[in-house]
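J.: Structure in structure tokens, see below.
Residue numbers (the numbering used here): 1 to 92.
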């Protein structure tokens, strides 16, 4: 029995599906998976994984920290690639 569900668009064809659900024993859990939109066809759900409700904030914090580190790394690599280009190709 899904109590609450939210879809987070990732790109034009995929969304992250988050659902507050209950186990057979009635224990609340969060189920996460992808919903893939197919042109002219039904949406398809990928297999989901389950985390405890109490772990949602911890997982969210870990995702935020990973995103911050990934953005810093991407910016550093982009800056390094820009610095390696000859000056005449940088618009100088």
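Note that the Cβ used here is the ideal one computed from N, Cα and C, for glycine as well. This structure is a prediction, so every number in the text was calculated from the model and none was measured.
1. Is it buried or exposed for residue 30, if we count other Cβ within 10 angstroms and need 16 for buried?
2. From the DSSP secondary-structure annotation, give me the bridge partner or partners of residue 43.
3. My output table needs one value for residue 13: the three-state DSSP class, helix, strand or coil.
4. To the nearest angstrom, how far is it from the Cα of residue 16 to the Cα of residue 24?
5. Have a look at 54, 13, 22 and 34 and flag the residue whose alpha-carbon is nearest the alpha-carbon of residue 40.
6. How many whole angstroms separate the CB atoms of residue 158 and residue 56, which I take to be in contact at a CB cut-off of 8 Å?
T.: On the basis of the coordinates in this document:
1. Burial call: buried.
2. Looking at the DSSP assignment, residue 43 forms no beta bridge with any residue, so it has no partner.
3. Collapsing the DSSP output to three states places residue 13 in coil.
4. Their backbone Cα atoms lie some 24 Å apart in a straight line.
5. Of the candidates 54, 13, 22 and 34, the one whose C-alpha sits nearest the C-alpha of residue 40 is 13.
6. As displayed, the chain neither begins before 1 nor continues past 92, which places residue 158 out of reach and without an answer.
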